[in-house]
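This report concerns only the one structure given below.
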Amino acid sequence: SVEPLRHDEL
Amino acid sequence: MNVFRLAGDVSHLVAIIILLLKIWRSRSCAGISGKSQLLFALVFTTRYLDLFTVYISAYNTIMKVVFLALSYATVYLIYMRFRNTYDSENDSFRVEFLLVPVIGLSFLEHYAFTPMEVLWTFSIFLEAVAIMPQLFMITKTGEAESITTHYLFFLGLYRALYIANWVWRYHTEGFFDQIAVVSGVVQTIFYCDFFYLYVTKVVQGRSKMSLP
Chain A
1 SVEPLRHDEL
Chain B
11 MNVFRLAGDV SHLVAIIILL LKIWRSRSCA GISGKSQLLF ALVFTTRYLD
61 LFTVYISAYN TIMKVVFLAL SYATVYLIYM RFRNTYDSEN DSFRVEFLLV
111 PVIGLSFLEH YAFTPMEVLW TFSIFLEAVA IMPQLFMITK TGEAESITTH
161 YLFFLGLYRA LYIANWVWRY HTEGFFDQIA VVSGVVQTIF YCDFFYLYVT
211 KVVQGRSKMS LP
């Protein structure tokens with residue numbers, strides 16, 4: 001899985 | 011940002027406002043699980059710790075502040091302002107049965123073993139089960155006011171729309187947040203039973219919905 005670099009979702 | 015995520019955030023905001031207005035205008039929190047609202051305040055607190063360290067966009071920052079403020083305001087109304095209308099006897103779900111597994115799992119499964127990431131993972135897992143005390147309370151009292159069912163409908167719809175958002179982001183930008191997706195699917199599945207009742211009963215115009 002492509003792990004998100006930062007959480008840009010609420 | 012895509013239309014699914016925007017619709018999801020709006021649906022989430024609508025749910026929170028529906029509940030807050032219901033409590034404020036009826037000056038009562040009868041039938042509302044304070045425990046679920048405490049858990050949601052904890053979800054926002056542990057998820058939005060990056061409010062001051064990471065700037066994503068004005069929208070992101072504003073919505074985080076709004077969600078934090080409204081969730082704490084709801085908890086305040088339940089446990090302080092209208093505490094004499096709080097039905098603690100029926101709000102008897104043992105939240106430790108939720109917190110212990112969620113804490114354990116967030117230490118097992120996370121993207122990075124750092125305080126921020128473990129707390130973010132904790133908030134994702136906790137959100138999936140935070141509605142349990144409320145659903146449990148409704149099964150215990152045997153009924154839910156119409157407004158409460160609308161609250162639950164928009165709350166369930168928000169994460170269902172986020173699933174559409176994840177599908178969209180996967181196909182358009184290869185984005186895949188495994189922890190959020192798995193947890194979001196579990197969370198939405200918990201609402202399926204309620205969605206069925208909501209559509210079959212509340213839409214028929216009955217004022218109250220009785221869960222089996």
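Chain order of the listed sequences is A and B.
So for the first sequence, the working numbering puts the first residue at 1; every next one is plus one.
So for the second sequence, the working numbering puts the first residue at 11; every next one is plus one.
Built from N, CA and C at the ideal position, the CB exists for glycine as well.
All figures in this text were calculated on a predicted structure; none of them were measured in a lab.
Cross-chain neighbours of residue i in chain A, by beta carbon under 8 Å
i	result
Asn70(B)	Asp8, Leu10
Phe135(B)	Those do not exist, as Phe135(B) stays about 14 Å from chain A at its closest Cβ, beyond 8 Å.
Phe77(B)	Leu10
Met73(B)	Leu10
Trp130(B)	His7
Asp101(B)	Under the 8 Å cutoff, chain A gives no residues; its nearest Cβ is about 27 Å from Asp101(B).
Asp19(B)	Leu10
Exposure of residue i, with buried meaning 16 or more beta-carbon neighbours within 10 Å
i	result
Cys202(B)	exposed
Met90(B)	exposed
Gly152(B)	exposed
Val177(B)	exposed
Met147(B)	buried
Ser98(B)	exposed
Val2(A)	Model confidence at Val2(A) stands at a pLDDT of 48, short of 50, so the residue's coordinates are unreliable; what they give is reported in the following sentence. Per the 10 Å Cβ criterion, exposed.
Gly18(B)	buried
Val75(B)	exposed
Met11(B)	exposed
Ala122(B)	exposed
Nearest-angstrom beta carbon gap, residue j and residue i [assumed within contact, 8 Å]
i	j	result
Tyr208(B)	Met219(B)	7 Å
Arg169(B)	Gln197(B)	5 Å
Leu80(B)	Leu16(B)	That belief does not hold up - the Cβ atoms of Leu80(B) and Leu16(B) are roughly 18 Å apart, past 8 Å.
Glu137(B)	Gly41(B)	At roughly 22 Å, the Cβ-Cβ gap does not stay under 8 Å, so Glu137(B) and Gly41(B) are not in contact.
Asp187(B)	Met126(B)	Contact doesn't hold; Cβ gap of about 15 Å is too wide.
Phe50(B)	Ala140(B)	5 Å
His120(B)	Val110(B)	In fact, because the Cβ distance is near 17 Å, the residues do not count as touching under 8 Å.
Leu171(B)	Phe204(B)	About 16 Å separates the two Cβ atoms, so there is no contact after all.
Ile26(B)	Phe92(B)	Rounded, the Cβ-Cβ distance is 17 Å, inconsistent with contact.
Asn100(B)	Lys45(B)	Their Cβ separation, rounded to whole angstroms, is 11 Å, which puts Asn100(B) and Lys45(B) out of contact at 8 Å.
Nearest neighbour of residue i, chosen from the options [CA to CA]
i	options	result
Leu145(B)	Met73(B), Leu165(B), Ile134(B), Ile27(B)	Leu165(B)
Arg57(B)	Ser116(B), Tyr96(B), Ser98(B)	Ser116(B)
Ser133(B)	Phe14(B), Thr55(B), Leu48(B)	Thr55(B)
Leu167(B)	Met11(B), Ser21(B), Val13(B)	Ser21(B)
Cys39(B)	Met73(B), Ile88(B), Tyr65(B)	Ile88(B)
Ser36(B)	Thr131(B), Gln47(B), Tyr96(B), Thr63(B)	Tyr96(B)
Phe14(B)	Phe103(B), Ile173(B), Leu221(B), Ile66(B)	Ile173(B)
Within chain A, partners of residue i - CB distance below 7 Å
i	result
Val64(B)	Arg6
Proximal residues of chain A, C-beta to C-beta of residue i below 9 Å
i	result
Arg15(B)	Glu9, Leu10
Opposing strand residues paired with residue i [DSSP bridges]
i	result
Glu99(B)	Answer by DSSP bridge pairing: none, since Glu99(B) is not bridged.
Glu155(B)	Lys218(B)
What residues from the segment 156-185 of chain B come within 7 Å of chain C, judged by C-beta to C-beta, listed N to C?
Note that chain C does not occur in the displayed structure, where the protein chains are A and B.
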